[in-house]
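Chemist: For the sequence shown, the numbering used here gives the first residue as 1208, with consecutive numbering after it.
Idealized CB from N, CA, C, for every residue including glycine.
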Amino acid sequence: MPIDLTQARTPALWRRLAAIVYDTFLLVALLVLAAALVVVPLGLGLGIEVDAHHPLFRFYLFGVVPMLFFCGFWIRGGQTLGMRAWRIRVVTAEGNPLTLGATLLRLVAAVLSWAVLGGGFLWSLVDREGLTWHDRLSGTRLVMLERPRKT
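1. Classify Leu1265 as helix, strand or coil using the three-state DSSP reduction.
2. Which partner residues does Ile1295 have in the DSSP bridge list?
3. Would you kindly report the start and end of the unbroken alpha helix (DSSP H) that includes Asp1258?
4. Confirm, please, whether the CB-CB distance from Leu1238 to Val1272 is below 7 angstroms.
5. Taking 6 angstroms as the limit between beta carbons, can you name the residues of its chain near Gly1289, skipping five residues before and five after?
6. Which same chain residues end up closer than 7 angstroms to Val1246 when comparing Cβ atoms and leaving out the 5 residues on each side of it in sequence?
7. Using DSSP with H/G/I as helix, E/B as strand and the rest coil, what is Thr1231?
8. Which residues bound the alpha helix (DSSP H) around Ser1331?
9. I believe Trp1330 touches Trp1321 by the beta-carbon criterion, under 8 angstroms. Please report the beta-carbon distance rounded to the nearest angstrom.
10. How would you call Thr1347, buried or exposed, if buried means at least 16 neighbouring beta carbons within 10 angstroms?
11. In whole angstroms, what is the alpha-carbon distance linking Ser1345 and Ala1309?
Below, the structure is given as structure tokens:
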């Protein structure tokens, strides 16, 4: 269901970073599990030595696992667990749910935002709409969700 962007607020940088900290803990746990799913069967069951420096193993851990994590959550409801905790949702520039293409583009652009020492995130402090580089590059944006009303 689309979000009315005329009423939506953009989350502050500190709130974005707080959600990233939450997600980092979860992603690290998933990376340990993903590594164990490869290392344990190969290393124990078959007696094969697993090379942690092998490019395919690294791509699996640092490419495939994060992609499945972020894209899966963003497509399925626009929120990772960290974003849910901080009441943030990612939507298209029109307020619609993300497509697979938009999630992949956002993820790649977010890596670029981090690659310049977080400059893509700091950009939100001077952007007139509070958007980061990866928001702009992917045609997406983060919006604050209302607090649930107590009944």
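Modeler: Quick answer:
1. The displayed chain sequence assigns Arg, not Leu, to residue 1265. Three-state result, Arg1265: helix.
2. Met1351
3. No alpha helix (DSSP H) holds Asp1258; DSSP gives it neither H nor E.
4. yes
5. Ala1226, Tyr1229 and Asp1230
6. Val1257
7. helix
8. Element bounds for Ser1331: n/a, residue is neither H nor E.
9. With 8 angstroms as the limit, Trp1330 and Trp1321 do not qualify as a contact, their Cβ atoms being about 12 angstroms apart.
10. buried
11. 6 angstroms
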